[in-house]
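S.K.: One structure, pasted below without further comment.
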Amino acid sequence: MSTYAQKKGFGATIWDYMTTVDHKKIAILYLIAGGIFFILGGLEAMFIRIQLAVPDNNFVSAGLYNEILTMHGTTMIFLAAMPLLFAFMNAIMPLQIGARDVAFPFLNSLGFWLFFFGGLFLNLSWFLGGAPDAGWTSYASLSLDSAGHGIDFYALGLQISGAGTLIGGINFLVTIINMRAPGMTYMRMPLFTWSTFVASALILFAFPPLTIGLFFMIFDRMFGSNFFDPAMGGNTVLWEHLFWIFGHPEVYILILPAFGIFSEIFATFSRKRLFGYSSMVFATVLIGFLGFMVWAHHMFTTGMGPIANAIFAVATMAIAVPTGIKIFNWLFTMWGGSIKFTTPMLWAVAFIPSFVAGGVTGVMLATAAADYQYHDSYFVVAHFHYVIVGGVVFALLAGTHFYWPKMFGTMLNEFLGKITFWLFLIGFHLTFFIQHFLGLMGMPRRIFTFLPDQGLETGNLISTVGAVLMAVAVIVLLINIVITSVKNERVGNDPWEDGRTLEWSIPSPPPFYNFKQLPLVRGLDAYWLEKVEGKKGMTPAEPLGDIHMPNNSILPVVMSLGLFIAAFGAMYRTEHAWGLPVLIGGMLITLLAMFARSVKDDHGFHIHKEDLENDDDKGGKA
Amino acid sequence: MANQQPTSGNPRVDIEYRRKKSAEEMRYQVITFALMIFLTLVSFVAVGYGEFSGWFIVPFILLLAVVQVIFQLYYFMHMSHKGHEAPQIFLYSGAFIGAATVLAFMTVIWW
Chain A
1 MSTYAQKKGF GATIWDYMTT VDHKKIAILY LIAGGIFFIL GGLEAMFIRI
51 QLAVPDNNFV SAGLYNEILT MHGTTMIFLA AMPLLFAFMN AIMPLQIGAR
101 DVAFPFLNSL GFWLFFFGGL FLNLSWFLGG APDAGWTSYA SLSLDSAGHG
151 IDFYALGLQI SGAGTLIGGI NFLVTIINMR APGMTYMRMP LFTWSTFVAS
201 ALILFAFPPL TIGLFFMIFD RMFGSNFFDP AMGGNTVLWE HLFWIFGHPE
251 VYILILPAFG IFSEIFATFS RKRLFGYSSM VFATVLIGFL GFMVWAHHMF
301 TTGMGPIANA IFAVATMAIA VPTGIKIFNW LFTMWGGSIK FTTPMLWAVA
351 FIPSFVAGGV TGVMLATAAA DYQYHDSYFV VAHFHYVIVG GVVFALLAGT
401 HFYWPKMFGT MLNEFLGKIT FWLFLIGFHL TFFIQHFLGL MGMPRRIFTF
451 LPDQGLETGN LISTVGAVLM AVAVIVLLIN IVITSVKNER VGNDPWEDGR
501 TLEWSIPSPP PFYNFKQLPL VRGLDAYWLE KVEGKKGMTP AEPLGDIHMP
551 NNSILPVVMS LGLFIAAFGA MYRTEHAWGL PVLIGGMLIT LLAMFARSVK
601 DDHGFHIHKE DLENDDDKGG KA
Chain B
1 MANQQPTSGN PRVDIEYRRK KSAEEMRYQV ITFALMIFLT LVSFVAVGYG
51 EFSGWFIVPF ILLLAVVQVI FQLYYFMHMS HKGHEAPQIF LYSGAFIGAA
101 TVLAFMTVIW W
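Written as structure tokens, this is what we have:
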């Protein structure tokens, strides 16, 4: 039983993490991998801003700029934002519903490793002949003509990591539907769990169109089909539709968990029940539903005709209503609350105006007629950075500070956290606010340089200065993490002292079985209820008994590695003789691993009652 | 799920009630099975008769197919029983989103 081991060597720790099926350790893996990709995407953003700092710059060439820009978008969305959200979903959601793990621990591990190898594959393109260069949307008319293997890396890498995301989403759905603790009805679930639930449903419905689109792209580029080639009877706009049927729900997949994190933070640090809980749930579900009806607002200028444009414009504007409900609920949560301005709360408060600014430009862009002016200008760039950075990245940074003690058992330094916050907030607005005006002045997006004396110099320079501030803020955060980890001052169950939900009722970090006895949930904000009544912890819902746990397994790594190898084979099949054997060999590795998993019975193990009694809440290992 | 076998060892399980329930269930299944065979025959006849135009036959057969899917889900896969709310929600949302997508593709891309 490796989880009981005491001091472990470095190699043993690595092996433990490679084979782990524990949702808390997988969360840490997601956090580390997503964090590395976040820094990588941030570096790419810095290169973009350096290149655009002054007119006629030649810091990077036009071709390399396209690659950097494409990889910035792709990395940030697929390999940074989503995995980081998955980190918090994995770490917190099972604790919030009072479960001992997710429904399918093995699949959870498989989802992570698929994402990791997909991301690795995509980024290896830098060293193997050039990265993808057709933008993160990779429109077929552009990407089919892209020379080299960049787009192949994009299609294959995203296909592999997308499978991982789909597996993760289904896993969360099953967990929330089936594994809630006694008394945890749907309408008692914390809002982060609710938003995880809706985001997972969106993943379930949104990723299949992407999978199909990517397969068409893979077949078109590597196997001689013509789905997107109009000269051969294909349709290039088909890719755009498939991509955005995925792509628009995707941005809600990102923002809904962010809303969830902020809802928890607002309630916790206003020390008040979340205002309008049921309307928050309703708004979350409605946003998720409407998210599927609006994809074509990304394509107003492709010539869909006035009727289609009008329908999608109105549907898009409708989303402002449930979002508005949420904004007002957060404001009313703070209203009359006894507010504590901790670092997470600062992020949450700053999120409201920042995100609303992005929402307002969103409604402007939704106006189809006006969109002909804004389309493909820096105005769009400013808009989506306001919602994604001002919404998702703020939530990720807030969540990092808020949930750090629950994940690692130590508190991040509040002073350094506040420095990070102010630097990042100022840097963010400096960078992106001015871009609205650059766009309105006519600066197109995705250009690698601009000419002097067109009134674009000052704005771009300000934007670059802001980007530097954001980079410094992230460096301060990293220093904070290092200092905190070295100091290693352990904290108790409820380090913020105002925890409301179940995760704060157990040690930080929780023991590997989470709950010795499943808790009895008596209402919304279950732990808060008990505290109000003067109790120290949750009332157990079951007698102390043996706990059934899953065994660790290396098979997820093997399966993912097989697909990783097969992807190289698919890509080089037509150029090198070894391509086809490698493709088949890689698939065989995956299939054999799946076969081994299917035929070998793995019943897991039990933690016995006696061991649990001796284990006096010392807390598990991170 | 009402038709679980009484394996729980619970002495209060009403076997008589279970038996009645199962018999009722069985009757429904036989009826729907007969209906499904009949609907399949009708669709074969619709094509084989030769007098109807394709504009009638294709929607007609699709309609019959939808009815058969509903029979399948509700009477053979027990979706009519309690405890299937979550699968129902996801099935219907999936069908709805798929239909919206197909509709949009038919009207916006291939017109």
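Sequence order for the protein chains is A and B.
Each step along the first sequence adds one to the number in UniProt numbering, with nothing skipped, and position 547 is 547.
Each step along the second sequence adds one to the number in UniProt numbering, with nothing skipped, and position 12 is 12.
Every residue, glycine too, gets a C-beta built ideally from N, C-alpha and C.
Note that the coordinates shown come from a computational prediction; the quantities given were computed from them, not determined experimentally.
#1: With the cut-off set at 8 Å, would you say Tyr378 of chain A and Gly358 of chain A are in Cβ contact?
#2: According to DSSP, is Met538 of chain A part of a helix, a strand, or is it coil?
#3: As a quick exercise: from A:Trp330, A:Met184, A:Phe289 and A:Ile311, pick the residue whose alpha carbon is nearest that of Tyr277 of chain A.
#4: In or out: Trp528 of chain A buried (at least 16 other Cβ within 10 Å) or exposed?
#5: In chain A, what lies closer than 8 Å to Ala100 of chain B by C-beta?
#6: Assign residue 630 of chain A to one of two classes, buried (16 or more other C-beta atoms within 10 Å of its C-beta) or exposed (fewer than that).
#7: Tell me which residues share the same chain as Ala163 of chain A and place their Cβ nearer than 6 Å to its Cβ, disregarding the 5 neighbours each side in the sequence.
#8: Does the Cβ-Cβ distance between Met293 of chain A and Ala320 of chain A come in under 8 Å?
#9: At least one CB of chain A closer than 8 Å to the CB of Gly94 of chain B: is that the case?
#10: Using a C-beta to C-beta distance shorter than 8 Å, which residues of chain B count as neighbours of Leu29 of chain A?
#11: Can you find the residues in the same chain that come closer than 7 Å, C-beta to C-beta, to His72 of chain A, ignoring five residues on each side of it along the sequence?
#12: I'd like to know whether the C-beta of Phe71 of chain B is nearer than 8 Å to at least one C-beta of chain A.
#13: Apply the 10 Å Cβ neighbour rule to Ile70 of chain B and answer buried if 16 or more other Cβ atoms are within range, or exposed otherwise.
#14: Flag residue 126 of chain B as yes if its beta-carbon sits less than 8 Å from any beta-carbon of chain A, otherwise no.
#15: Of all the alpha helix (DSSP H) runs that stay within the bounds of the region 261-288 of chain A, which reach a length of 4 or more residues?
#16: Quick one: list the residues of chain B neighbouring Val237 of chain A, beta-carbon separation under 7 Å, in chain order.
#17: By the DSSP assignment, the alpha helix (DSSP H) with Ala589 of chain A in it spans what residues?
#18: Does any residue of chain B bring its CB to less than 8 Å from the CB of Ala541 of chain A?
#19: In three-state terms, what does DSSP make of His576 of chain A?
#20: Buried or exposed for Ile307 of chain A, please, with buried defined as at least 16 other CB atoms from any protein chain shown within 10 angstroms of its CB.
#21: Given that Ile97 of chain B touches chain A, what residues does it touch there, using C-beta distances under 8 Å?
#22: Can you give me, in chain order, the residues of the region 185-198 of chain A that have a beta carbon less than 7 Å from any beta carbon in chain B?
#23: Val476 of chain A and Pro405 of chain A: beta carbons closer than 8 Å?
#24: Kindly confirm or deny that the region 497-507 of chain A and the region 421-436 of chain A touch, where touching means at least three C-beta pairs closer than 8 Å.
#25: Work out the CA separation of Arg12 of chain B and Glu25 of chain B for me, nearest whole Å.
#26: Below 8 Å between beta carbons is the criterion; list the residues of the region 272-305 of chain A that meet it against any residue of chain B, in chain order.
#27: Using a beta-carbon distance below 8 Å, is Ala308 of chain A in contact with chain B?
#28: For Ile245 of chain A, which residues in chain B fall below 8 Å Cβ to Cβ?
#29: Taking Cβ positions only, does Pro6 of chain B come closer than 8 Å to chain A?
M.R.: On the basis of the supplied data:
#1: For Tyr378 of chain A and Gly358 of chain A, no; Cβs fall outside 8 Å.
#2: Under the three-state reduction of DSSP output, Met538 of chain A falls in the coil class, being neither helix nor strand.
#3: Taking only the C-alpha atoms, the option nearest Tyr277 of chain A is A:Trp330.
#4: Taking every protein chain shown into account, the CB of Trp528 of chain A has 16 or more other CB atoms within 10 angstroms, so this residue is buried.
#5: For a Cβ distance threshold of 8 Å, residue set Phe292 and Met293 of chain A lies close to Ala100 of chain B, ordered along the chain.
#6: An answer regarding residue 630 of chain A cannot be provided, because it is not within the stretch 1 to 622 covered by chain A.
#7: Closer than 6 Å at Cβ, skipping near neighbours: Leu114.
#8: It is not a contact, given that the beta carbons lie outside the stated cut-off.
#9: Chain A contact via Cβ: present.
#10: By Cβ distance, chain B contributes nothing, its closest Cβ being about 28 Å from Leu29 of chain A, past 8 Å.
#11: Excluding residues within five positions, the ones whose Cβ falls inside 7 Å are Gly41, Glu44, Ala45 and Ile48.
#12: Chain A contact via Cβ: absent.
#13: So Ile70 of chain B counts as exposed.
#14: An answer regarding residue 126 of chain B cannot be provided, because it is not within the stretch 1 to 111 covered by chain B.
#15: Counting whole runs of 4 or more residues, the region 261-288 of chain A contains no alpha helix (DSSP H) stretch at all.
#16: Within chain B, the residues near Val237 of chain A are Ile109.
#17: Note that residue 589 of chain A is Ile in the sequence shown here, rather than Ala. Where Ile589 of chain A is concerned, the enclosing alpha helix (DSSP H) stretches over Gly579 to Val599.
#18: With 8 Å as the cut-off, Ala541 of chain A does not count as an interface residue toward chain B.
#19: DSSP places His576 of chain A in coil when its eight states are reduced to three.
#20: Answer is exposed; the Cβ neighbour count stays below 16.
#21: By Cβ distance, chain A contributes Phe205 and Phe292.
#22: Listed in sequence order: no entries.
#23: No, the Cβ-Cβ distance between Val476 of chain A and Pro405 of chain A is not below 8 Å.
#24: When C-beta atoms of the region 497-507 of chain A are compared with those of the region 421-436 of chain A, fewer than three pairs fall below 8 Å, so the two segments do not count as touching.
#25: Straight across, the Cα-Cα distance linking Glu25 of chain B with Arg12 of chain B is about 22 Å.
#26: If the cut-off is 8 Å between Cβ atoms, the region 272-305 of chain A has Phe289, Phe292, Met293, Ala296, Met304 and Gly305 near chain B.
#27: For Ala308 of chain A, the closest Cβ of chain B is nearer than 8 Å.
#28: Going along chain B in sequence order, the residues near Ile245 of chain A (Cβ under 8 Å) are Thr101.
#29: Caution applies to Pro6 of chain B, whose pLDDT of 49 falls short of 50 and renders its modelled position unreliable; the value that the coordinates give is listed next. Not closer than 8 Å to any Cβ of chain A, the Cβ of Pro6 of chain B fails to qualify, so no.
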